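**Student:**
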Amino acid sequence: MTPSTRSSESMAKKNLLIKTFLVCILCLILFFLSRFIDLKYDLSHQKKHSLSPYTKQLIKNTPSPITIHFYISTKNPPRLSLIKQEIIQFLDEIKDYGNNINVSIFSTPITDENEIKLSKIGIPKFQFSIIEKDRKQIADAFCGIVLYYADKKEVLPLVKGINSLHYDITLAISQLLQDERPFLSIISSETDSKDSPFSYLFTFLKERYDLNFIQENETIPTQSSCVLVLSPGIVTPQTSDSLYTYLENNGNAIFFPDRYSVDGATITDKESNIDSLLSSLNITLKPGLVADELCETVSFESKDTAFGVNQKYNLKYPLWPSIFSNQFTKGDYPFFSDVHQLVLSWISPVSSTNDGAITLIESSPKSWLLSSISQMSPKKLFDFRQNQQRYPLAILYDNPNDSLGKYAVFGSSYFIRDTISTRFPTNLYFTLNFIDWMSLSHHSHNIPRLITNQYLLRKYTDGEKTILKSLVFLISPLLLFLGGLFYLGLNRKQK
């Protein structure tokens, strides 16, 4: 081996060492800089893991500090530990974006003293079941958030996961920044009591509104953000006139009238004078109930006369129509965001002669109208299929050029009663979103929706999936090929 050859090999080794050293230094610099750069791309459906524009605007412009305290128990099972980490990451994002947001995490052991302390600020101890070594055990935990602003406080007593936290936090901050809590007036033949069929709905509404139940002959307060007319009975002329005057002064109202009273399989006419009030708004609640082939399964009980025993049976019940997203009105209405299905039980068709009225929800083309329904056996409802067509089930009137405010009419209140909404929670969540949209300021249109669907990644078409698969399949060999060409080019230059 000649001296010149040895010299060339020595230079090549030195060059390789220098290149390796420079690459290592570059990697270290990039690693160091990456700690100060927070880059992420949200691939989830409708950017579920990103702050909404309204949330960003809200927390960026708070005039005074907002303090957020997150209380979480110690020694948690893996599932709750994962929820804890997700909540902390979300709160960190709020703190990083907000100029006046302070976040504190309190890991709180389960003790009698801590239970009393947290219960005083509105965070209860809750129980959950865990399975370890094939044994089911009951464990206690805390998982709640308290927000403070000036002398006001909002409490999220139980945070079960990240799903609705974006909505709950945004709404809580919005309420903290308001001078007064929004005010709802309610006209209903069902009182605000533990026995009310709407107690579940009222519980959620009380978290964000002050509720005022209108008594007989009472007028509608002008400061009401919205009026809910829930299964009204006989509304006095004074109250009816007051409601129309309220609407004329740009007020908002949502009607949930019932044409019939339902008791099991027995359906009777409901005593109500709601027709006269609706007719003043050019709205008609038509007689009959909408039946649909696309319906839910219901459990019934009947008495066997031969043996004197009760028998239970399940059957498809067409008076519980299943409503899917393609039956919602087209348009940018945020209360439909992520709502894929509703079950509108015992509902009557509605119609309006107002030019500005739109059909919010309609039945499927496989639906028909049942007019004579009292004492009708659930097993025979499909025998009365005739004149199948779509029927309007909810309408909205929102004409900015009219002196009247917004109002909406749904053909039933049964779909938001406790017996139905606990079985189909999307019914309740949709209703809460809709009430928020009708009641709060125009900014609330941008509040992230309470509903979060189970499709975390956005849906891709078959063509997009093919392109993505091809890119994933080809990207590694392509990078190797380009790297080889680059290395070959460097060698040729050196020679």
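Residue 1146 is where the sequence shown starts when you use our numbering, and the numbers rise one by one after that. Where is the CB? At the ideal position from N, CA and C, for every residue including glycine. Model, not experiment: these values are computed from the prediction.
1. Per DSSP, what kind of secondary structure is Lys-1164 in: helix, strand or coil?
2. How would you label Phe-1569, buried or exposed, when you count the other beta carbons within 10 angstroms and need 16 or more for buried?
3. Got a sec, what are the start and stop residues for the beta strand (DSSP E) Arg-1280 sits in?
4. How would you call Asn-1546, buried or exposed, if buried means at least 16 neighbouring beta carbons within 10 angstroms?
5. How should Ser-1493 be labelled, buried or exposed, when 16 other C-beta atoms within 10 angstroms of its C-beta is the threshold for buried?
6. Relative to the C-alpha of Phe-1254, which residue among Gln-1234, Ile-1246, Lys-1270 is closest?
7. Report the rounded CA-to-CA distance for Asn-1357 versus Leu-1350, giving the unit in angstroms.
8. Apply the 10 Å Cβ neighbour rule to Met-1583 and answer buried if 16 or more other Cβ atoms are within range, or exposed otherwise.
9. Quick check on Ile-1261: does DSSP put it in helix, strand or coil?
10. Kindly indicate which residue of Pro-1510, Ser-1155, Asp-1241 has the alpha-carbon position closest to the one of Ser-1195.
11. Within 10 angstroms of the Cβ of Ile-1211, are there 16 or more other Cβ atoms? Answer buried if so, exposed if not.
12. Residues in the same chain with beta-carbon distance under 7 Å from Ser-1387, minus the five sequence neighbours each way, listed in chain order, please.
13. I need the DSSP call for Trp-1513, collapsed to helix, strand or coil.
14. Looking at the structure shown, is Ser-1385 part of a helix, part of a strand, or coil, going by DSSP?
15. With 16 other CB atoms within 10 Å as the buried threshold, where does Ala-1295 fall?
16. Just tell me which of Tyr-1405, Thr-1413, Asn-1532, Asn-1572 has its CA closest to the CA of Ser-1467.
17. Skipping 5 residues on each side, what residues in its chain have a beta carbon closer than 8 Å to that of Leu-1434?
18. By Cβ distance below 6 Å, which residues in the same chain neighbour Phe-1328 in space, the five residues on each side in sequence not counted?
19. Starting from Glu-1393, follow its DSSP beta bridges and name the residues at the other end.
20. Could you tell me the distance, in whole angstroms, from the CA atom of Thr-1165 to the CA atom of Met-1156?
21. How big is the Cα-Cα spacing for Ile-1275 and Pro-1223?
22. Between the alpha carbons of Val-1653 and Gly-1396, how many angstroms are there, rounded?
23. Please state if the CB of Leu-1301 and the CB of Asp-1313 are separated by a distance shorter than 8 Å.
24. Between the Cα of Asp-1543 and the Cα atoms of Asp-1500, Lys-1551, Asn-1221, which residue gives the shortest distance?
25. Which residues does DSSP list as the beta-bridge partners of Gln-1486?
26. Cα separation between Ser-1334 and Pro-1382?
27. If you follow the beta strand (DSSP E) that Asn-1357 is part of, which residue opens it and which one closes it?
28. Suppose contacts are defined by Cβ-Cβ distances below 8 Å. Is Leu-1538 in contact with Val-1488 by that definition?
29. Identify which residue in Leu-1585, Thr-1564, Thr-1429 has its Cα closest to the Cα of Phe-1555.
30. So for Gly-1289, helix, strand or coil by DSSP?
31. Which residue marks the beginning of the alpha helix (DSSP H) containing Thr-1200, and which one marks its end?
32. Give the straight-line distance between the Cα atoms of Asp-1581 and Arg-1280, rounded to the nearest whole angstrom.
33. Under a three-way DSSP split, which group does Thr-1474 fall into?
34. Would you mind working out which of Asn-1394, Phe-1215, Asn-1418 sits nearest Val-1304, comparing C-alpha positions?
35. Under the three-state reduction of DSSP, which class applies to Phe-1251: helix, strand or coil?
36. Roughly how many angstroms separate the alpha carbons of Phe-1527 and Phe-1445, rounded to a whole number?
**Tutor:** Straight from the coordinates:
1. In the structure shown, Lys-1164 sits in a helix (DSSP, three-state: H, G or I).
2. Burial call: buried.
3. 1280-1286
4. With fewer than 16 other Cβ atoms within 10 Å, it is exposed.
5. So Ser-1493 counts as buried.
6. The question names Phe, yet the displayed sequence has Pro at residue 1254. Residue Lys-1270 holds the alpha-carbon nearest to the alpha-carbon of Pro-1254 among Gln-1234, Ile-1246, Lys-1270.
7. 11 Å
8. buried
9. helix
10. In this structure, Asp-1241 is the residue among Pro-1510, Ser-1155, Asp-1241 with its C-alpha nearest to the C-alpha of Ser-1195.
11. buried
12. So the qualifying residues of the chain are Thr-1364, Ile-1365.
13. strand
14. helix
15. exposed
16. Asn-1572
17. Excluding positions up to five away in sequence, the list reads Arg-1404, Tyr-1405, Ile-1412, Leu-1464, Trp-1491, Ile-1492, Ser-1493, Leu-1514, Leu-1515, Ile-1518.
18. Asp-1355, Gln-1368, Ser-1369, Ser-1370
19. According to DSSP, which records beta bridges pairwise, Glu-1393 is partnered with nothing at all.
20. 14 Å
21. Distance between the alpha carbons of Ile-1275 and Pro-1223 is about 10 Å.
22. Residue 1653 is absent from the model: the chain starts at 1146 and stops at 1640.
23. yes
24. Lys-1551
25. Phe-1469
26. 15 Å
27. 1355-1358
28. No, the Cβ-Cβ distance between Leu-1538 and Val-1488 is not below 8 Å.
29. Thr-1429
30. strand
31. Residues 1198-1205.
32. In a straight line, the C-alpha of Asp-1581 is about 43 Å away from that of Arg-1280.
33. Correct three-state label for Thr-1474: coil.
34. Phe-1215
35. strand
36. 16 Å
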